[in-house]
Amino acid sequence: MTLQTMLTTLASGMLKSIMIYALTLLGSLPLGMLVAFGRMSKCAPLRLIIKFYISVMRGTPLMLQLMVVFFGPYYLFKLNLGSDYRFMAVIIGFVINYAAYFAEIYRGGIESIPVGQREAAQVLGYSRASAFLRVILPQVIKRIIPAVTNEMITLVKDTSLAFAISYSEMFTMAKKIASSQATLLPFVVAGVFYYIFNFAVAYGMERLEKRLSYYR
Numbered sequence: 050m051t052l053q054t055m056l057t058t059l060a061s062g063m064l065k066s067i068m069i070y071a072l073t074l075l076g077s078l079p080l081g082m083l084v085a086f087g088r089m090s091k092c093a094p095l096r097l098i099i100k101f102y103i104s105v106m107r108g109t110p111l112m113l114q115l116m117v118v119f120f121g122p123y124y125l126f127k128l129n130l131g132s133d134y135r136f137m138a139v140i141i142g143f144v145i146n147y148a149a150y151f152a153e154i155y156r157g158g159i160e161s162i163p164v165g166q167r168e169a170a171q172v173l174g175y176s177r178a179s180a181f182l183r184v185i186l187p188q189v190i191k192r193i194i195p196a197v198t199n200e201m202i203t204l205v206k207d208t209s210l211a212f213a214i215s216y217s218e219m220f221t222m223a224k225k226i227a228s229s230q231a232t233l234l235p236f237v238v239a240g241v242f243y244y245i246f247n248f249a250v251a252y253g254m255e256r257l258e259k260r261l262s263y264y265r
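Be aware that the sequence shown starts at 50, since it is given in this note's numbering, and climbs by one per residue.
Written as structure tokens, this is what we have:
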């Protein structure tokens, strides 16, 4: 296999990894906020359920969760969802896993804002929802950016775990090429791709953090 063919193959795998990454963030960031609200709810049963969900998601390997999501429908309900379900299972597994982590980050950020901020906003005539969106949330976003950035960088590397259910993203393709060609070069190229991807994410989040520096 020529170097050009290898690069083309790995680049197509990288596009799949980017798709997993983007769809995971698209689903887990808003879901994480909903989970955080449930975690802080005054309803004790809901709070306990959410706490258990977070504990399971953070206490078991993502690889295992992917397998449960993919194989679970068949073994539990005898549903054969076909090969098209493989990609959907990857996204579902990643979203419910990362939503748990983002939920705790959101919760920590929200609870770090002094109660006086909410009270002052309500005195000025803001509704509870408006006070959260206009006063609390901007401050929370600024405070949680470093923690969110860490999770986003981890997600770039975690996309390689899709190989657990035989979804051919970049790492899986690199492993196949390395096995057939008896060379480590595909792993080196994949490592470079991952590094560039992570660098772009870190750079973008750093720029965002600087733009929000006026909240200090």
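Using N, Cα and C, we set each Cβ at its ideal position, and we do this for glycine too.
Computed from a predicted model, the values in this text were never measured in an experiment.
By the CB criterion at 7 Å, Leu257 and Lys191 fall outside the cutoff.
The alpha-carbon separation between Gly142 and Phe120 amounts to approximately 12 Å. By the beta-carbon neighbour count (other beta carbons within 10 angstroms, threshold 16), Lys65 is buried.
Using a Cβ distance threshold of 7 Å, Val144 and Thr73 count as a contacting pair. DSSP places Glu218 outside any alpha helix (DSSP H), giving it a letter other than H or E. Apart from sequence neighbours up to five positions away, the residues of its chain that approach Gln171 with a beta-carbon distance below 8 Å are Arg177 and Ala180, ordered along the chain. When DSSP states are grouped into helix, strand and coil, Ala231 belongs to the coil group.
Minimum Cα-Cα distance from Ile162 among the listed residues Val184, Ala148 and Asn146 corresponds to Val184. Taken atom to atom, the span from the alpha-carbon of Lys127 to that of Met116 is near 15 Å. Contact between the stretch 82 to 101 and the stretch 220 to 229 is absent: fewer than 3 CB-CB pairs across the two stretches fall below 8 Å.
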